[in-house]
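> A single structure is presented below for examination.
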Amino acid sequence: MTDDNNIIDRIEDVITSVYRTRTVRPWDDGVGRAERFERMFRERLANWPLRNHTDYKYGGSTVIIFLLHPGHYIGVPTRDGIEILIKKLGGRCYQAIVEISHLGSFARIRFTLETLSGSTGKFTYDELNKPFRAKDKDFLKSIMMLLDEECIEVLPDEILQLPVSDVELDVTSPGKATVYHCLFDEE
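Numbering (my numbering), first residue to last: 764 to 950.
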């Protein structure tokens, strides 16, 4: 529990500096951080196609989406592009979403599974905090090692879901903010 308390104390310090006292503006170099992480991932994790999905204007984090199908092109992020990709992959598309906060050395990793029914054309979307397939554990190990080398800590949902009721955010309703909203992106 000491580690969780230490992490929570560090998060509290960041939230206070950014939202309560407004003495730090971490977004000022968000574009530079996002570009640096994208370059690093492209160099160090070259087997996995990726797309930088960072919102350069309003985002509080770098968001990189990895296609967990080496040898395939990630494609165009439109409905048609996604449909074509999923069809090429046999009806199932596995991806990982890595978010790195611009407010501190914190990250979140999610795994997604998108399917497309050949008979109905219906999309389904599922998301987990761990890989859907055993073979994607190699990717998780690689990304965890790389984030560790960068001194970036992956936060568990238990911490991300903690309420932070005394901060005012742009989109999230007053009293509804969580650590995730403060460190990464509002919903």
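Positions of the beta carbon are idealized from the N, C-alpha and C atoms, including for glycine.
Starting from the C-beta of THR765, find all residues in its chain whose C-beta is less than 6 Å away, skip the five residues before and the five after it, and write them out in chain order.
Any reading at THR765 must be qualified, since the residue scores a pLDDT of 47, below 50, and its modelled position is unreliable; no value is offered.
> Give the range of the alpha helix (DSSP H) segment to which ASP766 is assigned.
It spans 765-778 - the alpha helix (DSSP H) in which ASP766 sits, taken as one unbroken run.
> Taking the C-alpha atoms as reference points, what is the distance between PHE886 and THR941?
Roughly 29 Å separates the two Cα atoms.
> Thinking just about the alpha-carbon of each residue, which of VAL930, ILE915, PRO894 and GLY938 is nearest to the one in HIS832?
Nearest option by C-alpha distance: PRO894.
> Where do the ends of the beta strand (DSSP E) carrying ASP889 lie?
That run of the beta strand (DSSP E) goes 886-891.
> Does the beta-carbon of GLY867 have 16 or more other beta-carbons within 10 angstroms, so that it is buried, or is it exposed?
Flag for GLY867 reads buried.
> Which runs of the alpha helix (DSSP H) spanning at least 4 residues fall entirely within the segment 880-935, listed in chain order?
Qualifying alpha helix (DSSP H) stretches, in chain order: 900-912 and 920-923.
> Between the beta-carbon of LEU852 and the beta-carbon of HIS835, is there less than 8 Å?
Yes, the pair counts as a contact, with Cβ atoms nearer than the cut-off.
> Given a cut-off of 8 Å on the beta-carbon distance, is the pair TRP811 and PHE902 in contact?
It is a contact, given that the beta carbons lie within the stated cut-off.
> Below 8 Å between beta carbons: does that hold for ILE906 and ILE872?
Yes, Cβ-Cβ distance for ILE906 and ILE872 is below 8 Å.
> Can you check the segment 834-864 for any beta strand (DSSP E) of at least 3 residues that lies completely inside it and give the ranges in chain order?
Listed in chain order, they are 855-864.
> Applying the 10 Å Cβ sphere with the 16-neighbour rule, what's the burial state of ALA897?
Label assigned to ALA897: exposed.
> Could you check which residue in LEU879, MET803 and ARG783 has the C-alpha nearest to that of ASP929?
Cα-wise, what sits closest to ASP929 is ARG783.
> Pick from LEU876, ALA870, HIS816 and SER880: whose alpha carbon is nearest that of LEU891?
The shortest C-alpha separation from LEU891 is found at LEU876.
> Note down the Cα distance separating GLY838 from ASP767, rounded to an integer number of angstroms.
The straight-line gap from Cα to Cα measures roughly 39 Å.
> Which partner residues does LEU813 have in the DSSP bridge list?
Answer by DSSP bridge pairing, in chain order: PHE829.
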